[in-house]
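**Student:** Please see the structure below; I have some questions.
Protein chains: 2
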Amino acid sequence: MQVVVPYTTRDPKSRLADVLSLAERRAFARAMRDDVLDAVRAAGETPTLLTADESDADGADAPAVVDDRPLTPAVNAVLETHAETESVAVVMADLALATPDALSRLFESEGDVVVAPGRGGGTNALVVRHPDFRVDYHGASYRDHRRLAAAADLSVTDVDSMRLSTDVDEPSDLAEVLLHGTGAARDWLVDAGFELDVADGRVGVTRE
Amino acid sequence: MQVVVPYTTRDPKSRLADVLSLAERRAFARAMRDDVLDAVRAAGETPTLLTADESDADGADAPAVVDDRPLTPAVNAVLETHAETESVAVVMADLALATPDALSRLFESEGDVVVAPGRGGGTNALVVRHPDFRVDYHGASYRDHRRLAAAADLSVTDVDSMRLSTDVDEPSDLAEVLLHGTGAARDWLVDAGFELDVADGRVGVTRE
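Taken in sequence, the protein lines are chains A and B. The working numbering numbers the first residue of the first sequence as 330 and each following residue consecutively. The working numbering numbers the first residue of the second sequence as 330 and each following residue consecutively.
Written as structure tokens, this is what we have:
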């Protein structure tokens, strides 16, 4: 199985700009990237970074494929190269809660296309086992990927995972990392002074 | 196994007040309740409603236990009555995405205490298999329940389910119901004129 982790340092995690500086967002995104790479390896697979620039792979313990196009054409180029001969998995680099168990469930689920939906209609991870399938990450990609697969007469399986559904984009997502994370990303937030803000309703975060 | 579904019609879903009237929130909460009861039955168990008032069970295809105290003491009374002799599951009535598969994973997970975390640190569903465990739903109850179990030397298992992690409290949660729901709650939202609002980032909802 070819496991690809798209990752770029160009204005990373822009929706966290209210709570983290650009340099901090870069460092935090890198910690999440490394947690995801570790989890993929612990699930028994060998990850490859899909980056926009060679420097994006700095410090990462994984080889990189460089493609400076947007996400959709870059991932589709990977599918064109590999999906004819092997399964291809695409795992986003901001899944800070991903565990080997959750990724094993993804990798082992049957179906021509296996989708782990993200909160808000995204596609946080998927496995493609048919050469005809192509991605479209724009908009509600979870729904679109299901439609595209159905239109091509491909079977689709959902992976029901809170951990894989949690991509870290917005300040409220940081609470999930503090609550459920176990790796470098959680450590980074704690070192940066973030802690849970417990009130009634859902918890948020505060920073010292 | 005793499966309890806490449910009240007193100011239900107050954080949806900006998008739904009180009467609408009552009707929507009832549709979610009925979806949860259906999913529990389809998972092979017999649900009991835990209500604050007898009328809360109106129209529900399940028996009701009435206890007008807040959630924590009402659930703890159920544990006191039943946990000595059988497993007790507590499943929130606003898990509009709950499926029989997701609930079966919950019911079948091993451990003295099994927790399905909710977004923002809540406890959306749990199974208790030890008479000494008591709940505390105030604040970040997921973390507290893990601590309480550890303090009592009980084993704790997490259930990693996007469907069980999605309690429907806030307007953005309605998008999840439109995307992933399959029952009465999704139908209710569609009939009420809600649809997905697809832009970049996470999708939201609009109403006609």
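C-beta: ideal position from N, C-alpha, C; glycine also.
With a 10 Å radius around its C-beta and 16 neighbouring C-beta atoms as the bar for buried, classify THR535 of chain B as buried or exposed.
**Tutor:** Start at 1 with the first residue of the second sequence, and residue 535 of chain B comes out as number 206. THR535 of chain B should be labelled exposed.
**Student:** Nearest to VAL369 of chain B by CA position, among B:GLU439, B:SER384, B:ALA386, B:ASP390, is which residue?
**Tutor:** In the second sequence, the residue the question calls residue 369 of chain B occupies position 40. Per the Cα distances, B:ASP390.
**Student:** Relative to the C-alpha of ASN405 of chain A, which residue among A:GLY512, A:HIS474, A:GLY522, A:LEU525 is closest?
**Tutor:** Taking the first sequence and counting its residues from 1, one reaches residue 405 of chain A at position 76. The shortest C-alpha separation from ASN405 of chain A is found at A:HIS474.
**Student:** Does the Cβ of LEU432 of chain B lie closer than 7 Å to at least one heavy atom of the ligand SAM?
**Tutor:** The ligand SAM is absent from the structure shown, which contains no ligands of any kind.
**Student:** Excluding sequence positions up to five away, which residues of its chain have a Cβ less than 6 Å from the Cβ of ARG344 of chain A?
**Tutor:** Your numbering for residue 344 of chain A matches position 15 in the first sequence. Hits under 6 Å: ASP498, GLU499.
**Student:** Tell me which same chain residues have a C-beta within less than 6 Å of the C-beta of LEU477 of chain A, skipping the five on either side of it?
**Tutor:** The sequence position of residue 477 of chain A within the first sequence is 148, counting from 1. Here the set comprises nothing.
**Student:** Three-state secondary structure (DSSP) at PRO460 of chain A?
**Tutor:** Position 131 of the first sequence holds residue 460 of chain A. It is coil, neither helix nor strand.
**Student:** Along the region 431-460 of chain B, where does the CB come closer than 9 Å to a CB of chain D? Name the residues.
**Tutor:** In the structure shown, chain D cannot be found, because the protein chains are A and B.
**Student:** Enumerated in chain order, which unbroken segments of the alpha helix (DSSP H) with a length of 4 residues or greater are wholly contained in the region 488-537 of chain A?
**Tutor:** Correct list: 491-494, 500-509, 513-520.
**Student:** Does DSSP put LEU483 of chain B in a helix, in a strand, or in coil?
**Tutor:** As a working mapping, residue 483 of chain B is identified with position 154 in the second sequence. DSSP places LEU483 of chain B in coil when its eight states are reduced to three.
**Student:** Are any of the Cβ atoms in chain A nearer than 8 Å to that of LEU508 of chain B?
**Tutor:** Translated into positions along the second sequence, residue 508 of chain B becomes position 179. Answer yes: the Cβ-Cβ gap between LEU508 of chain B and chain A drops below 8 Å somewhere.
**Student:** Looking only at its chain, what residues have a beta carbon closer than 8 Å to the beta carbon of THR604 of chain A, apart from the 5 residues adjacent to it on each side?
**Tutor:** Outside the displayed range of chain A (330 to 537) lies residue 604 of chain A, so it cannot be described from this structure.
**Student:** What is the DSSP secondary structure of THR377 of chain A, reduced to helix, strand or coil?
**Tutor:** Position 48 of the first sequence, counting from 1, holds the residue named residue 377 of chain A. DSSP places THR377 of chain A in strand when its eight states are reduced to three.
**Student:** With distances taken Cα to Cα, identify the nearest neighbour of PHE357 of chain A among A:SER384, A:THR452, A:ASP520, A:SER484.
**Tutor:** One-based indexing of the first sequence puts residue 357 of chain A at position 28. Looking at the Cα atoms, A:ASP520 is the closest of the given residues.
**Student:** Tell me the rounded alpha-carbon separation between ALA360 of chain A and GLY512 of chain A.
**Tutor:** Counting from 1 along the first sequence, the entry for residue 360 of chain A is found at position 31. Counting from 1 along the first sequence, the entry for residue 512 of chain A is found at position 183. Straight-line Cα distance between these residues: approximately 8 Å.
**Student:** Taking all protein chains shown into account, do 16 or more other C-beta atoms lie within 10 angstroms of the C-beta of THR337 of chain B, making it buried, or fewer, making it exposed?
**Tutor:** The residue labelled residue 337 of chain B in the question sits at position 8 within the second sequence. Flag for THR337 of chain B reads buried.
**Student:** Hey, is ALA469 of chain B's beta-carbon within less than 8 Å of any beta-carbon in chain A?
**Tutor:** Position 140 of the second sequence, counting from 1, holds the residue named residue 469 of chain B. Judged by the 8 Å Cβ criterion, ALA469 of chain B is in contact with chain A.
**Student:** For LEU349 of chain A, return the contacting residues in chain B, with the cut-off set at a CB-CB distance below 8 Å.
**Tutor:** One-based indexing of the first sequence puts residue 349 of chain A at position 20. Residues of chain B passing the Cβ test: none, with the nearest at roughly 17 Å.
**Student:** If the cut is a Cβ gap below 8 Å, which residues of chain A does ALA504 of chain B touch?
**Tutor:** Within the second sequence, the letter at position 175 stands for residue 504 of chain B. Going along chain A in sequence order, the residues near ALA504 of chain B (Cβ under 8 Å) are GLY449, GLY450.
**Student:** Between the Cα of ASP340 of chain A and those of A:ASP363, A:LEU378, A:LEU366, A:ASP385, spot the shortest distance and give me the residue it belongs to.
**Tutor:** Taking the first sequence and counting its residues from 1, one reaches residue 340 of chain A at position 11. The option with the nearest alpha carbon to ASP340 of chain A is A:ASP385.
**Student:** Can you confirm whether LEU408 of chain B, when its beta carbon is compared against all beta carbons of chain A, has any partner nearer than 8 Å?
**Tutor:** Numbered from its first residue, the second sequence carries residue 408 of chain B at position 79. By this cut-off, LEU408 of chain B is not an interface position.
**Student:** Listed in chain order, which residues of the region 404-428 of chain B have Cβ atoms closer than 8 Å to some Cβ of chain A?
**Tutor:** For the region 404-428 of chain B, which is checked against every Cβ of chain A, the residues closer than 8 Å are THR428.
**Student:** State the start and end residues of the unbroken beta strand (DSSP E) segment that holds PRO446 of chain B.
**Tutor:** For the purposes of this step, residue 446 of chain B is taken as residue 117 along the second sequence, with counting starting at 1. Element bounds for PRO446 of chain B: 442-446.
**Student:** Pull up the CB-CB distance for LEU503 of chain B and PHE523 of chain B, whole angstroms please, since I reckon it's below 8 Å.
**Tutor:** Taking the first residue of the second sequence as 1, we reach residue 503 of chain B at position 174. Taking the first residue of the second sequence as 1, we reach residue 523 of chain B at position 194. Contact holds; Cβ gap of about 6 Å.
**Student:** Please list the segments of the beta strand (DSSP E) lying wholly inside the region 345-427 of chain A, counting only runs of 3 or more residues, in order along the chain.
**Tutor:** With a minimum length of 3 residues, the continuous beta strand (DSSP E) runs that stay inside the region 345-427 of chain A are 376-380, 393-395, 417-420.
**Student:** Closest to VAL464 of chain B by C-alpha separation, out of B:ALA481, B:GLY449, B:ARG448, would be which residue?
**Tutor:** Reading the second sequence from its first residue, position 135 is the one you call residue 464 of chain B. Closest option to VAL464 of chain B, Cα to Cα, is B:ALA481.
**Student:** To which residues of the same chain is VAL548 of chain A closer than 6 Å at the C-beta, ignoring the five residues directly before and after it?
**Tutor:** Because residue 548 of chain A is not part of the residues shown, which for chain A are 330 to 537, the question remains open.
**Student:** If you run the structure through DSSP and keep just helix, strand and coil, what is TYR471 of chain B?
**Tutor:** Reading the second sequence from its first residue, position 142 is the one you call residue 471 of chain B. DSSP places TYR471 of chain B in helix when its eight states are reduced to three.
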